[in-house]
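Asker:
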Amino acid sequence: YYIDQTNTLNKFYSPEPTSTGLNIPLLVSNGYLFFKPDIYRVSGQPGQAALNSVMAGVDYLSTLEYVDTSKMAISGHSFGGYETNYILVNSNKFKAALVGAGPSNIIQGYNETWEMGESKQDYLRNGAYVMERSLEDDKEGYIRNSPILFTDQISTPILLLHNEKDNAVPVTQSLNLFIQLRSLQKHAWLLQYKDETHALVIERNQLDFQDKVKSYFDYYLKGQIMPPWMINHINPGILSN
1087 YYIDQTNTLN KFYSPEPTST GLNIPLLVSN GYLFFKPDIY RVSGQPGQAA LNSVMAGVDY
1147 LSTLEYVDTS KMAISGHSFG GYETNYILVN SNKFKAALVG AGPSNIIQGY NETWEMGESK
1207 QDYLRNGAYV MERSLEDDKE GYIRNSPILF TDQISTPILL LHNEKDNAVP VTQSLNLFIQ
1267 LRSLQKHAWL LQYKDETHAL VIERNQLDFQ DKVKSYFDYY LKGQIMPPWM INHINPGILS
1327 N
């Protein structure tokens, strides 16, 4: 998810590796079911809007006999990653999470800049986040919508992808979240790929990451053995490829 997904209802998803590691045809062919909800935005409440929309979808899925809602994962990239971070703070319904290049601190994000030096303030107020009010006028709103401040409430294992050369969301947004989660003894993994930016474009990296994503979901959702890369990553530090 991100914002609107209904317009992709009849989209053909190629089995080719993707830039975010979430290869839908590959996972569907291995027994997974995908649900992509629309996010109904609410001014000043980007996180809560995502939570409401996703959990309404979960409630619907729970009425379907072929859906096991005790074995669900959640995933988002970029702004979708932010939405996922917020949902994890406020829900323990998911067995695992995948977050790609996701902001965790919109207080920090408010004064970040885009690659060409343009401020992100207008984007936070009037873009995807629709905060509308400025940081100085809505301090509590920016605090409430910054997942990094509530990591003690996260209980879901989380796999983070965030490359050092990301030119859209600074890597510190995930790095700080990862360090905070680890300091709280939470189950968290952070993967980075050399020479990649906001998403993966080098095919060998796409293939490597989609394999890791599948094995990560297989471990938490299907009860398969923990893959070596996850075991090795449990030791302090960041796993780079």
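Residues 1087 to 1327 in our numbering are what the sequence shown spells out, letter by letter.
Every residue, glycine too, gets a C-beta built ideally from N, C-alpha and C.
Would you kindly work out how many angstroms separate the C-alpha atoms of Lys1206 and Gln1310, rounded to a whole number?
Answerer: Answer to the nearest angstrom: the Cα atoms are 42 Å apart.
Asker: Using C-beta distances below 7 Å, list every residue in its chain close to Ile1173, excluding the 5 sequence neighbours before and after it, in chain order.
Answerer: Within the same chain, Ile1173 has close Cβ partners Ala1136, Leu1137, Val1140, Ile1160.
Asker: Just list the residues that DSSP pairs Ser1301 with in beta bridges.
Answerer: DSSP lists no partner for Ser1301.
Asker: Output yes or no for whether 8 Å exceeds the beta carbon distance between Ser1129 and Glu1218.
Answerer: Taking 8 Å as the Cβ cut-off, Ser1129 and Glu1218 qualify as a contacting pair.
Asker: What number of angstroms, rounded off, separates the C-alpha of Asp1208 from the C-alpha of Thr1199?
Answerer: Between Asp1208 and Thr1199, the C-alpha separation is close to 11 Å.
Asker: Assuming the contact rule is C-beta atoms closer than 8 Å, Thr1243 and Ala1187 should be a hit. Round their C-beta distance to whole Å, please.
Answerer: The sequence shown places Pro at residue 1243, rather than the Thr named in the question. At roughly 19 Å, the Cβ-Cβ gap does not stay under 8 Å, so Pro1243 and Ala1187 are not in contact.
Asker: Label Asn1096 either buried or exposed according to how many other C-beta atoms from any shown protein chain fall within 10 Å of its C-beta, with 16 as the threshold for buried.
Answerer: Answer is exposed; the Cβ neighbour count stays below 16.
Asker: So what does DSSP say about Asn1192, is it helix, strand or coil?
Answerer: For the sequence presented, residue 1192 should be read as Ile rather than Asn. Helix at Ile1192.
Asker: Assuming Leu1270 and Lys1298 make a contact with CB atoms under 8 Å, what is their CB distance in whole Å?
Answerer: Incorrect: roughly 23 Å between the Cβ atoms, too far for contact.
Asker: Could you check if Ala1274 is buried or exposed, using at least 16 other CB atoms within 10 Å of its CB as the buried criterion?
Answerer: That one is buried.
Asker: Is DSSP giving Pro1322 helix, strand or coil here?
Answerer: Caution applies to Pro1322, whose pLDDT of 47 falls short of 50 and renders its modelled position unreliable; the model cannot decide the point.
Asker: Could you name the residues of the same chain whose beta carbon sits closer than 8 Å to that of Tyr1126, not counting the 5 residues immediately before and after it, in chain order?
Answerer: Same-chain partners within the cutoff: Ala1135, Asn1138, Ser1139.
Asker: I believe Leu1245 touches Tyr1302 by the beta-carbon criterion, under 8 Å. Please report the beta-carbon distance rounded to the nearest angstrom.
Answerer: Contact holds; Cβ gap of about 5 Å.
Asker: Using the Cα positions of Thr1092 and Phe1121, report the straight-line distance between them to the nearest angstrom.
Answerer: If you take the alpha carbons of Thr1092 and Phe1121, they lie about 11 Å apart.
Asker: Return helix, strand or coil for Gln1278, following the three-state DSSP convention.
Answerer: Reduced to three states, the DSSP call for Gln1278 is strand.
Asker: Below 8 Å, can you find three or more Cβ-Cβ pairs linking the region 1150 to 1158 to the region 1229 to 1244?
Answerer: Too few Cβ pairs lie closer than 8 Å, so no.
Asker: With contact counted as at least three CB pairs below 8 Å, one residue from each stretch, are the region 1287 to 1296 and the region 1255 to 1268 in contact?
Answerer: No, the region 1287 to 1296 is not in contact with the region 1255 to 1268.
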